[in-house]
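Here's the structure, in structure tokens; my notes come after.
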Amino acid sequence: MGWEGLDFTYIPLSKEQVVAELELLSAPNVFHNGTTHTASLQPHPNKHTQDRHIAENWNLQEDGIWKFRALFDGHAAGDETVDYVFSTLPSKIKSSLIAIPTEERDNAGTISSMLRDAVSSLDDSIRQGILELFPSVEHIEKLSDEDIRLIVNDRPPEQIHRSGATVPSPTGPISLTEKYADRGSNNIKVTRGMRGTTVLAVLISPNRGIWTASLGDCQAILGQQTLSPLHKEPEMKNPSWTKTQLGKNHNASEPSELARLKLEHPGEEEFVVEKNRVLGLIAVTRAIGDHQFKLPAIYSKRIFGLTAPGMNRPEVHLQMLTERVRTPPYVSGVPEVEYVKLGGEAKACLIMCSDGLMDLYGGEDWQEKHIELKEMFKHWMDQVGEKLDLALSPSSGALKLFNGMDNLALSLIHRGLHGPPISLMGLNWTDEDGLERMSKFLTLRAPEYNDKWMDDTTVLVEIL
1 MGWEGLDFTY
11 IPLSKEQVVA
21 ELELLSAPNV
31 FHNGTTHTAS
41 LQPHPNKHTQ
51 DRHIAENWNL
61 QEDGIWKFRA
71 LFDGHAAGDE
81 TVDYVFSTLP
91 SKIKSSLIAI
101 PTEERDNAGT
111 ISSMLRDAVS
121 SLDDSIRQGI
131 LELFPSVEHI
141 EKLSDEDIRL
151 IVNDRPPEQI
161 HRSGATVPSP
171 TGPISLTEKY
181 ADRGSNNIKV
191 TRGMRGTTVL
201 AVLISPNRGI
211 WTASLGDCQA
221 ILGQQTLSPL
231 HKEPEMKNPS
241 WTKTQLGKNH
251 NASEPSELAR
261 LKLEHPGEEE
271 FVVEKNRVLG
281 LIAVTRAIGD
291 HQFKLPAIYS
301 KRIFGLTAPG
311 MNRPEVHLQM
321 LTERVRTPPY
331 VSGVPEVEYV
341 KLGGEAKACL
351 IMCSDGLMDL
361 YGGEDWQEKH
371 IELKEMFKHW
381 MDQVGEKLDL
391 ALSPSSGALK
401 LFNGMDNLAL
411 SLIHRGLHGP
421 PISLMGLNWT
431 DEDGLERMSK
441 FLTLRAPEYN
451 DKWMDDTTVL
461 VEIL
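Next comes the structure, spelled out in structure tokens:
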């Protein structure tokens, strides 16, 4: 946490002040009768998080309660894509689920196909919005720069549709209508294609079937603890919690994704992945949006390059995209979907997080350091499992109600901010070291440095 040539100041905090500041900044919440715990942190005073999360219970009447939990980690120089996905994908999945006949909802393959189609079709709709304006390379070649600017930077009509969805902004929560009030429909369509978001969507059926649809590098970890009759005696110690990763890790450092990209783009091995980034530019290999990696290069050079608000570092990125985009798409909008079924006697929980939590526990370069994800996940599950063992009665399995101070998601972020038991120098990491580290993360001020010093970090813990 430091950049040469810049002065940084922070406020040393006590343990009590750290807890208070973290609760203030991360908006922790416990709901659904104490079974759903959420927290989301971005401490930069002039930035807002691009993470979104949602936890809904859907009563399908004769079929019972289905649970939908999702995280979206937005990226690039705007929120257009993540806001769109956050406000439309949940209802799209719910409508698709309702359309499936009740007797077919127990079919794992049917639900898996529905989720895959719902996510990928949303990405297709973003692409189609761009193609409605610019149908082909030949069409673009006939347009002048001024023609394109007039199309992509249009203004809104006086009467606009009011949206009830509320999302973060630099000034606090705001409706989508207010956030994009000065933007025309064409501009919104194009910028949705220029930005991107990961997707981690989990659907849980009344009979404890769990489907996970993933695009990108958010993580879902299933913890289970099966009690034998002997362990149900009050004096017996609970068995350990097992952990299972649900969904794949879709980034360019993942061997299977790297192999897929090289296979799909023969002759481009030199730069299809460079420095653990697709085309040397983007870490994730699957996402909604990011159509500069999915459309011919002329769309980046002529369309996205003339759109305002524009890209990050356009002079560098546009040149690289123009030179390297030969056989798109390089980023996939098709999720991988997995299914597991919980046993009736197993106690279980689900940890979902954006990749910021991995940065906190392993450092921003955790992939280069080859830190084992399994060890990181075990650390998380041990923490959550220990708290659940205290909260769940051994005799009846009844859940004691949690309050804000017991938020399981917040506790994972708190421990990540504290730092590792052993420092990078191999020395013991003391409580004083941890307190200083947490103080820096939560109160750091750098007037000349306007970028985030830690990634947006969102955690959702579901007690199943």
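Residue numbers (full-length UniProt numbering): 1 to 464. Built from N, CA and C at the ideal position, the CB exists for glycine as well. None of the values given here were measured: they were computed from a predicted structure.
Check whether the Cβ atoms of residue i and residue j lie closer than 8 Å to each other.
i	j	result
T198	D73	yes
R286	I140	no
V337	R69	no
P335	V119	yes
S205	W66	yes
V202	R52	no
T81	G209	no
T443	L13	yes
G416	L360	yes
residue 466	Q42	The first residue shown for the chain is 1 and the last is 464, placing residue 466 beyond what the model contains.
A130	L215	According to the sequence shown, residue 130 is Ile rather than Ala. Not in contact: I130 and L215 (Cβ atoms no closer than 8 Å).
I151	N207	no
G34	Q225	no
D456	S332	no
N251	A220	no
G419	R445	no
E132	P90	no
H464	L388	First, the amino acid is wrong: residue 464 is Leu here, not His. Not closer than 8 Å, so no.
L176	L71	no
V190	T38	no
L410	V18	no
Just confirm the distance between the C-beta atoms of residue i and residue j, as a whole number of angstroms; I'd bet it's less than 8 Å.
i	j	result
residue 466	M352	Since the displayed the chain opens at 1 and closes at 464, residue 466 lies outside it and no answer follows.
L281	V272	At roughly 11 Å, the Cβ-Cβ gap does not stay under 8 Å, so L281 and V272 are not in contact.
K440	K47	At roughly 16 Å, the Cβ-Cβ gap does not stay under 8 Å, so K440 and K47 are not in contact.
L263	L246	At roughly 25 Å, the Cβ-Cβ gap does not stay under 8 Å, so L263 and L246 are not in contact.
S40	T458	4 Å
V316	F293	Between F293 and V316 the Cβ distance is about 15 Å, and since that is not below 8 Å, they are no contact.
G309	A165	According to the sequence provided, residue 309 is Pro. The question's Gly does not apply to it. Incorrect: roughly 20 Å between the Cβ atoms, too far for contact.
D147	G184	That belief does not hold up - the Cβ atoms of D147 and G184 are roughly 15 Å apart, past 8 Å.
A108	Y339	4 Å
Mind checking residue i: buried by the 16 CB within 10 Å criterion, or exposed?
i	result
D217	buried
L412	buried
Q61	exposed
D123	buried
A181	exposed
F377	buried
G305	buried
L408	buried
N249	buried
T102	exposed
F86	buried
E16	exposed
G193	buried
E257	buried
R324	buried
T327	exposed
A20	exposed
L390	exposed
P234	Only weak support exists for where P234 lies, its pLDDT of 49 falling under 50; the coordinates are left without a value.
P28	buried
S95	exposed
D431	exposed
S136	exposed
T9	exposed
E104	exposed
G356	buried
K179	buried
S144	exposed
P157	exposed
I11	exposed
E462	buried
G404	Annotation note: pLDDT 48 at G404 (below 50); position unreliable, coordinate value reported separately. The residue is exposed, with fewer than 16 neighbouring Cβ atoms inside 10 Å.
D106	exposed
G64	exposed
T88	exposed
Q. Quick one: any contact between the stretch 335-347 and the stretch 237-247, if contact means 3 or more CB pairs under 8 Å?
A. Result yes; three or more Cβ-Cβ pairs closer than 8 Å.
(Q) Does the structure place the stretch 313-322 close enough to the stretch 112-129 that three or more beta carbon pairs sit under 8 Å? (A) Short answer: they don't touch.
Q) What runs of the alpha helix (DSSP H), each 4 residues or longer, lie entirely inside the stretch 69-146? A) Counting only runs of 4 or more, we get 80-99, 108-133, 137-141.
Q: Determine, using beta-carbon pairs with one atom in the stretch 297-315 and one in the stretch 125-144, whether at least three such pairs fall under 8 Å.
A: Yes: at least three Cβ pairs fall under 8 Å.
**Q.** Any alpha helix (DSSP H) of 4 or more consecutive residues that is wholly inside the stretch 299-337
**A.** Whole alpha helix (DSSP H) segments, 4+ residues: 314-324.
Q: Report the residue ranges of all beta strand (DSSP E) runs contained in full by the stretch 2-53; include only those spanning at least 3 residues, in chain order.
A: The qualifying runs are 29-31, 36-41.
Q: Within the stretch 214-294, note down every full alpha helix (DSSP H) run reaching 4 residues or more, in order along the chain.
A: DSSP assignment within the stretch 214-294 yields the following whole alpha helix (DSSP H) runs of 4 residues or more, N-terminal first: 255-264, 269-272.
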